[in-house]
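Here the protein sequences come in this chain order: D and Z.
Residue numbering for the first sequence follows the numbering used here, beginning at 93 and increasing consecutively.
Residue numbering for the second sequence follows the numbering used here, beginning at 93 and increasing consecutively.
Number of protein chains: 2
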Amino acid sequence: MDVADEGMLRKFQKELNSGTVSLILLAILDRSTEPLYGYQIAKSIEGNWQEGAPVKQGTLYPVLRSMEESGLLGSRVEPSVSGPPRKYYTITDRGRAVLTDWMSAWSQTRDFVDATLEGRNHA
Amino acid sequence: MDVADEGMLRKFQKELNSGTVSLILLAILDRSTEPLYGYQIAKSIEGNWQEGAPVKQGTLYPVLRSMEESGLLGSRVEPSVSGPPRKYYTITDRGRAVLTDWMSAWSQTRDFVDATLEGRNHA
């Protein structure tokens with residue numbers, strides 16, 4: 093892959109991530125039985141994803157903050173014995189409602205893209 | 093759905109589309125046996141997609157222009173008997189190379205999001 097094409101791929105991946113990262117964060121916090129801080133969320137995303145997640149840890153923090161400002165997440169800061177205080181996030185009722193909407197928007201867009209790539213909706 | 097949640101959903105859909113529209117345009121032009129102008133591409137996207145495509149026709153034109161500037165598409169303007177001249181687009185060799193890269197980035201991201209939503213990669 094030449095350098096210019098690599099740049100185009102990075103831009104494309106970034107665009108794909110701009111929507112999907114928020115969706116993933118809501119889903120992880122919805123499923124968690126306890127509040128999670130950034131590093132735990134990053135580890136949960138990586139999980140046993142062998143090939144390396146397409147989402148970098150550093151990109152999560154501004155998204156978490158923005159989702160809290162939008163009322164989708166709540167947070168609580170707690171001291172840590174091993175370093176600076178940690179900000180623990182939980183999903184709000186509004187976050188749960190939005191997650192439901194976004195999951196169906198995601199399914200529809202995913203199926204739409206796959207159908208177009210496979211030529212099934214070619215007129 | 094309340095008004096604020098509708099606004100969040102529109103923003104989310106717009107973010108999802110920001111990557112996927114370029115991918116869809118490349119795929120349609122790659123598959124086409126002849127140059128296509130904007131309206132034909134829009135029709136091809138809608139195809140027999142019953143529920144209404146998540147992509148609006150007006151959003152395609154700036155993306156087509158930007159992809160031409162990046163060398164992924166070529167174009168030729170031709171007069172039309174029924175209105176203003178039409179700009180016909182074709183995919184370039186570079187566009188084909190980029191399409192291959194983007195299709196695998198799409199598959200990886202799609203599988204990653206689906207796995208996260210289903211909790212398969214939860215640590």
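Backbone N, C-alpha and C fix where the C-beta goes; we use that ideal spot for every residue, glycine too.
Neighbourhood of residue i by C-beta, 7 Å cutoff - its chain only, sequence neighbours within 5 removed
i         : result
Thr-184/Z : Gly-163, Leu-164, Leu-165, Gly-166
Ala-197/D : none
Ala-119/Z : Leu-191
Closer than 8 Å at the beta carbon, the chain Z residues around residue i
i         : result
Glu-110/D : Correcting the residue identity first, residue 110/D is Ser in this sequence and not Glu. Going along chain Z in sequence order, the residues near Ser-110/D (Cβ under 8 Å) are Glu-107, Ser-110, Gly-111.
Residue i, buried or exposed, once every other Cβ within 10 Å from all chains shown has been counted against 16
i         : result
Gly-187/D : buried
Met-93/D  : exposed
Asn-140/Z : Summary for Asn-140/Z: the model assigns pLDDT 49, below 50, so the residue's position carries little reliability, and this model does not support an answer.
Val-95/D  : exposed
Ser-114/Z : buried
Ser-136/D : buried
Gly-175/D : exposed
Gly-150/Z : exposed
Thr-112/D : buried
Thr-125/Z : exposed
Glu-98/D  : exposed
Proximal chain Z residues relative to residue i, where beta-carbon distance stays under 9 Å
i         : result
Asp-193/D : Met-93, Asp-97, Glu-98, Met-100, Leu-101, Phe-104
Ser-174/D : Ordered by position in chain Z, no residue passes the 9 Å Cβ test against Ser-174/D, which lies about 19 Å from the chain.
Ala-197/D : Leu-101, Phe-104, Gln-105, Leu-108, Pro-146
Proximal chain Z residues relative to residue i, where beta-carbon distance stays under 7 Å
i         : result
Arg-202/D : Arg-202
Val-190/D : Asp-97, Met-100
Lys-162/D : One detail in the question is off: residue 162/D reads as Ser in this sequence, not Lys. Neighbours of Ser-162/D on chain Z, chain order: Met-100.
Within chain D, partners of residue i - CB distance below 8 Å
i         : result
Ser-167/Z : Within chain D, no residue comes near Ser-167/Z; the closest Cβ sits about 18 Å away, beyond 8 Å.
Cut-off 6 Å between Cβ atoms - residues of its own chain near residue i, not counting five sequence neighbours on either side
i         : result
Lys-148/D : none
Asp-206/D : none
Glu-210/D : none
Own chain residues within Cβ distance below 8 Å of residue i, not counting five before or after
i         : result
Lys-160/D : Before going on, a small fix: residue 160/D reads as Glu here, not Lys. If we look at Glu-160/D and ignore the five residues flanking it on each side, its Cβ neighbours are Gly-166, Ser-167, Tyr-181.
Leu-121/D : Leu-128, Ile-133, Leu-165, Tyr-181, Thr-182, Ile-183, Gly-187
Pro-177/D : Val-169, Glu-170, Pro-171
Val-155/D : Val-113, Ser-114, Leu-117
Tyr-153/Z : Gly-130
Chain D residues whose Cβ lies nearer than 7 Å to that of residue i
i         : result
Val-155/Z : Result: empty, since nearest Cβ-Cβ is about 11 Å, beyond 7 Å.
Contact residues within the region 114-131 of chain Z, judged by C-beta distance below 8 Å to chain C: This model lacks chain C altogether; the protein chains it does include are D and Z.
Entirely enclosed beta strand (DSSP E) segments - the region 112-194 of chain D, minimum 3 residues: Here the runs fully enclosed are 165-172, 175-183.
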